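full-length UniProt numbering applies: residue 1 is where the sequence shown begins, and numbers increase by one.
By construction, the Cβ of each residue, glycine as well, lies at the ideal position given by its N, Cα and C atoms.
Keep in mind it's a predicted model, so treat the numbers as computed, not measured.
First comes the structure, then the notes that go with it.
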Amino acid sequence: MPRYRHKKRSSSGLSLEGSLSTIEATEATQGRVIRYETRLQRAKRDEFIRTQLPSPIKSLPNELLCQILKTTIETTPAQCDPHRVRKHELETVCRHWRDIIVNTPSFWTFVQLAPTWPKALVKVHLERSRQCPLDLVFSGFQPRFESTTLLDIVMPTTHRWRSLTILLQSPNDTLLILKRFDCAMFPSLALLSVPIRYYSKFLHPGNVPVLRSLEIRNDSPSPDGFQLPPTVEKLSIDIAFFRSYPIRWLQSSSLQGLKVLSLKGNTTYWQMQPNSIHLPRLAHFSCEVTHARELLQGLAAPNLTHVNYIRSHYESLSVALQRIQSKWTSVRELIFGFTQIACCRAYIPRALYLAAPNLRGLEVMQQDLGSLLQSEDGLRRIDRWEHLERFVIISDVRKVEDMRRRLVPWLKKRMKFGKPALKVFFSFANPHEVKLERSALDEIGKYCSEVNFCMQEKIGHTS
1 MPRYRHKKRS
11 SSGLSLEGSL
21 STIEATEATQ
31 GRVIRYETRL
41 QRAKRDEFIR
51 TQLPSPIKSL
61 PNELLCQILK
71 TTIETTPAQC
81 DPHRVRKHEL
91 ETVCRHWRDI
101 IVNTPSFWTF
111 VQLAPTWPKA
121 LVKVHLERSR
131 QCPLDLVFSG
141 FQPRFESTTL
151 LDIVMPTTHR
161 WRSLTILLQS
171 PNDTLLILKR
181 FDCAMFPSLA
191 LLSVPIRYYS
201 KFLHPGNVPV
211 LRSLEIRNDS
221 PSPDGFQLPP
231 TVEKLSIDIA
241 FFRSYPIRWL
251 QSSSLQGLKV
261 LSLKGNTTYW
271 QMQPNSIHLP
281 RLAHFSCEVT
291 HARELLQGLA
301 APNLTHVNYI
311 RSHYESLSVA
321 LQRIQSKWTS
331 VRELIFGFTQ
341 IACCRAYIPR
351 ALYLAAPNLR
361 GLEVMQQDLG
371 SLLQSEDGLR
381 RIDRWEHLER
391 FVIISDVRKV
401 EDMRRRLVPW
411 LKKRMKFGKP
421 ALKVFFSFAN
431 PHEVKLERSA
441 LDEIGKYCSE
451 VNFCMQEKIG
461 HTS
């Protein structure tokens, strides 16, 4: 009897253990089924969303999508050839984007004559742009014999040219193009940037009747009697060594409508009478020449509001500013820099305040701070500009702590004497490092109406 009872208990125990195992296996299977069904439902939902609901980019109006795509192309660095490479990348994203780009003429108005642009691509741009104005850039031919072929392709469209930029390194290539332009008319050309190796007839006013902006580089002597088109409102000249004929251009009556003037280069032998360059509508003037005294004395611009003055190591600032007292009374914005090889020891003479007493905005190099904040007759030099509202300092982030030690005492004193708080901006070449000097910037900001920083534009040397 005991043996029989023992076997019965053992059988019952085994049966119970087996049932538990079966239950656990069933639950595990059910869990897997539930997880599988959950994944399946999610997949079906995602597929429905993907196929049935339009993506946000597809729901954009075509006009807005066009603007986004254009901005993407235009903000791509020029060295990346955006109109050839980036545009092709965008075309391959989807059929909708390709249709938008291919069928919108404004995507094809840029044409470049360069070794990387085959003739077929140039033709495609001319065709797809339809009758829209064109922007052309000539940046090289490879091999050179292709220049004639490429010119033959684009010359029939000169009536559509809106802007033309010639960046050729070879003087012979430039000469070839300019001579080819002799018999052409450019009724829509508004912007021209060109190295002058030859004064083509196309520069005559009748051939470019709406030219507004002209940039002349690597200039050659102009023939007697040559005058720039009177429609020019923006003029930039890179003056070659010993060239003085631009004086004749500036003194001629044809430039009375000039609003923006930029001069750069060698003016060693320039001579003119004071106030002999009368430009009544000139508002913006940029000067980066070797010897500025004659030019500044000769320029009479009663409506000048913005000056970008880059000092030269050939001429001290005191000499350059001789006898221009009160000539810049209308100037509101002054950018003050120096060339890369100029001496970094800065000195701001009293003549600058006398010439431009009504400044609202001043932009200087960090090296100028010492001179500007120096006391003179009991008054810091910068405080002579009583109407100053905005102060921009071009510097390096690593100089912020040094500037803090100079700026904070001055700003505190301005506040103490009830002077208006300034807007102070720092223009950095390395703004990504600004977090390293955040505390110094914050302390400066306590005594300003606004303090901020931005990416530096290259106007001078900051080392």
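Burial state of residue i, where buried means 16 or more other Cβ atoms lie within 10 Å
i: D368; result: buried
i: Y447; result: buried
i: C454; result: exposed
i: C287; result: buried
i: S170; result: exposed
i: N207; result: buried
i: S21; result: exposed
i: A25; result: exposed
i: S59; result: exposed
i: L64; result: exposed
i: G337; result: buried
i: L304; result: buried
i: R414; result: buried
i: G418; result: exposed
i: T174; result: buried
i: K201; result: exposed
i: G361; result: buried
i: Y309; result: buried
i: E23; result: Reading the sequence as shown, one finds Ile at residue 23 and not Glu. Exposed: under 16 other Cβ atoms inside 10 Å.
i: K327; result: buried
i: I177; result: buried
i: residue 491; result: Look at the range of the chain in this structure, 1 to 463, and you will see that residue 491 is not part of it.
i: residue 468; result: Residue numbering for the chain in the displayed model covers 1 to 463; residue 468 lies beyond these limits and cannot be assessed.
i: M365; result: buried
i: C343; result: Unreliable positioning characterises C343 in this predicted model, as indicated by a pLDDT of 49, which lies under 50. A coordinate reading is not provided.
i: E437; result: buried
i: S439; result: exposed
Bridge-paired residues (DSSP) for residue i
i: L168; result: None, per the DSSP bridge assignment.
i: Q112; result: V137
i: K399; result: K399 is not bridged to any residue.
i: I277; result: L299
i: Y245; result: Bridge partners of Y245: none, in fact.
i: C132; result: C132 is not bridged to any residue.
i: C454; result: S427
i: G418; result: DSSP output for G418 lists no bridge partner at all.
Helix, strand or coil at residue i according to DSSP, with G and I counted as helix
i: D46; result: helix
i: E315; result: coil
i: S326; result: coil
i: C343; result: Because C343 sits at a pLDDT of 49, beneath the cut-off of 50, its placement in the model cannot be relied upon, and the following sentence gives the value as read from the coordinates. Residue state, collapsed to three classes: coil.
i: R293; result: helix
i: G337; result: strand
i: Y309; result: strand
i: V33; result: helix
i: S59; result: coil
i: S254; result: helix
i: S286; result: strand
i: C80; result: helix
i: F226; result: coil
Residue i, enclosing alpha helix (DSSP H) - first and last residue
i: residue 521; result: Shown here, the chain extends from 1 to 463; a query on residue 521 therefore has no answer.
i: S439; result: R438 to G445
i: K87; result: V85 to E91
i: V102; result: R95 to V102
i: L354; result: R350 to A355
Extent of the continuous beta strand (DSSP E) run through residue i
i: S236; result: K234 to I239
i: S213; result: S213 to R217
i: K119; result: That residue, K119, is in no beta strand (DSSP E); its alpha helix (DSSP H) goes K119 to R128.
i: L261; result: V260 to G265
i: K423; result: K423 to F428
Residue i Cβ short of 7 Å to the ligand COA heavy atom set
i: S21; result: Looking for the ligand COA in the displayed structure turns up nothing, as the structure carries no ligands at all.
Where are the alpha helix (DSSP H) runs, 4 residues long or more, that stay fully inside the region 151-208, in chain order?
171-180
Practice task
Starting from the N-terminal side, write out each stretch of the alpha helix (DSSP H) that is 4 residues or longer and does not extend beyond the region 363-416.
Solution key: 369-372 and 400-416
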